[in-house]
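Its first residue numbered 111, the sequence shown is counted upward by one per residue in my numbering.
Here a beta-carbon is modelled for each residue, glycine too, at the ideal position from N, C-alpha and C.
Have a look at the structure below before the remarks.
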Amino acid sequence: MSSNETIILLIQIIATWTMLGIFWFLQLVHYPIMNKIKDGFVQYERGNLKRTAALIPPIMVIDIVTNVMALIYATKGLYITLISAALVLNILTWLTTFLFQMQAHQKLSIQYQNRP
Numbered sequence: 111m112s113s114n115e116t117i118i119l120l121i122q123i124i125a126t127w128t129m130l131g132i133f134w135f136l137q138l139v140h141y142p143i144m145n146k147i148k149d150g151f152v153q154y155e156r157g158n159l160k161r162t163a164a165l166i167p168p169i170m171v172i173d174i175v176t177n178v179m180a181l182i183y184a185t186k187g188l189y190i191t192l193i194s195a196a197l198v199l200n201i202l203t204w205l206t207t208f209l210f211q212m213q214a215h216q217k218l219s220i221q222y223q224n225r226p
C-alpha cells in the first residue's frame, strides 16, 4: 500500500467513524430529547438545521470522496470488495439522508405535530 493509499484510507476511516459517532449521538441522545420540547419547537428545529448543515455535510463529502479515491487506488481483491461494500453503504446513507431525513427535518422546521 502506497503512502497516498494509506493517507486516503486513514482520512476515510476518521470520517466514517466520526459520522458513526454523530449518528449514534443523534439516535440515542438528540432525537429522544427533541420529543420533550413543546414551546418554541419550530425555532429550535430551525437552529438545529442550521448548525447541523455546518457540521454533517462536510464530513459526509470527505467520507464519500475518500471512499471513491480508495476504490480507485485499490489493487487487491479483498480490499476492493471491502471498499466497494463501504461505497454501497455510503451511497445508501446519502440516499436516505436526502430522501427521508432532510424532508422530515424540513417539515419539522415549519410545523410541529405531536403524535402519540
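Worksheet item: Do V178 and L197 have their C-beta atoms within less than 8 angstroms of each other?
Response: Cβ distance < 8 angstroms, so V178 and L197 count as in contact.
Worksheet item: What separation, rounded to the nearest whole angstrom, lies between the Cα atoms of N114 and Y154?
Response: Roughly 43 angstroms separates the two Cα atoms.
Item to complete: May I ask which residues mark the beginning and end of the alpha helix (DSSP H) holding I172?
Response: Note, I172: alpha helix (DSSP H), F151 to Y183.
Worksheet item: Helix, strand or coil: which one does DSSP assign to L200?
Response: The residue asked about is misnamed: residue 200 is Asn in this sequence, not Leu. It is helical.
Worksheet item: What separation, rounded to the nearest whole angstrom, lies between the Cα atoms of A125 and L199?
Response: Separation of A125 and L199 (C-alpha to C-alpha, rounded to the nearest whole angstrom) is 14 angstroms.
Discussion item. Classify F151: buried if its beta carbon has 16 or more other beta carbons within 10 angstroms, exposed otherwise.
Written reply: Under this definition F151 is a buried residue.
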